[in-house]
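For the sequence shown, our numbering assigns the number 19 to the initial residue and increments by one for each residue that follows.
Beta carbons: idealized from backbone N, C-alpha and C, even for Gly.
Reviewing the structure listed below.
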Amino acid sequence: MDIKKIVEYQKVDSKLFQLERQLNQSVNKQKCAQLSAIARDSQAKSAKLEEQASQIAKEIQDLFKIADQNKLKIKEILAQDVEKMSVEQIDAALALREKLMQNLAILDKKATKLAELANSVLSEFNKTKVNYKNAGEKYKEYKEAYDKEVSEISPKVQELQKELRELAKVVDAKLLEEYKKRRHDRIFPVFVSLNNKCCGGCHMEVPASSLSKLEKEGILVCENCRRVIYKD
Ligand SMILES: [Zn+2]
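Rendered as structure tokens:
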């Protein structure tokens, strides 16, 4: 089995891997992810606050309805002709009026509290909206910077990819397939040499039985790190 070609391929690919890692570790990329999360959270919070606000509005409306009913009753009491009423009836009417007035005062207090709550929800909503807007603006800045990073290394990436395509033509297809599988899982380097009876990737000692297999077949998959071990 010709290991040399795939090792050569890996050597070129390692440059590509470095560039990918550089992009992955980019501060701009991380900032973009953070700001996206903030924007998402702000949006979710806004939706929640909107729901809360409409609930409060409904409660206030209900209170007003009850208050209107009370006011109507008071008006009815006041409209009664006292001339035709007994003293007991007048007393009862006055007591009812007193009770309704008290209820109105309680409703008024409740409405005031709800209005205060509505105000705080609104101010929270506005704050959230500002956060969302700021996150969006900052995201744009970092995204532009990140895109610039990408475009700066892009020619180098394309050049390496082209070189790899050429090299791939002469690499054993099965080895390349094994290579690409691990590369996809971000295991790198994929092919490592045997070092002092140890895996050149994770440094785990290779058991004697596997060593003879390696001797016979030329390669061996490390049981610990899944890398492909070869003999120099
Ligand atoms: Zn290993």
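Just the Cα atoms here: how many angstroms apart are residue i and residue j?
i	j	result
residue 59	residue 201	34 Å
residue 119	residue 99	20 Å
residue 155	residue 29	41 Å
residue 72	residue 113	37 Å
residue 169	residue 175	10 Å
residue 153	residue 52	9 Å
residue 40	residue 215	33 Å
residue 241	residue 207	16 Å
residue 229	residue 172	42 Å
residue 87	residue 94	11 Å
residue 25	residue 36	16 Å
residue 165	residue 66	34 Å
residue 96	residue 142	45 Å
residue 121	residue 111	15 Å
residue 21	residue 209	9 Å
residue 56	residue 62	10 Å
residue 117	residue 146	43 Å
residue 163	residue 54	15 Å
residue 123	residue 48	56 Å
residue 191	residue 38	24 Å
residue 227	residue 198	27 Å
DSSP has residue i in a bridge; who is on the other side?
i	result
residue 206	Paired residues: none, contrary to the question.
residue 223	216
residue 211	248
residue 238	247
Considering only their Cβ atoms, is the gap separating residue j from residue i smaller than 7 Å?
i	j	result
residue 78	residue 125	no
residue 167	residue 44	yes
residue 11	residue 247	Residue 11 lies beyond the range of the chain shown here (19 to 250); nothing can be said about it.
residue 33	residue 182	no
residue 74	residue 135	yes
residue 90	residue 129	no
residue 224	residue 23	no
residue 70	residue 148	no
residue 46	residue 160	yes
residue 238	residue 27	no
residue 219	residue 19	no
Which of helix, strand or coil does DSSP assign to residue i?
i	result
residue 30	helix
residue 139	helix
residue 126	helix
residue 99	coil
residue 189	coil
residue 172	helix
residue 43	coil
residue 20	coil
residue 60	helix
residue 104	coil
Counting only beta-carbon separations shorter than 7 Å, does residue i have a partner in chain C?
i	result
residue 137	In the displayed structure, chain C is absent; only one protein chain is listed.
Task: For review: beta carbons within less than 6 Å of any heavy atom in ligand 1 - done: 217, 219, 220, 222, 240, 242, 243, 245
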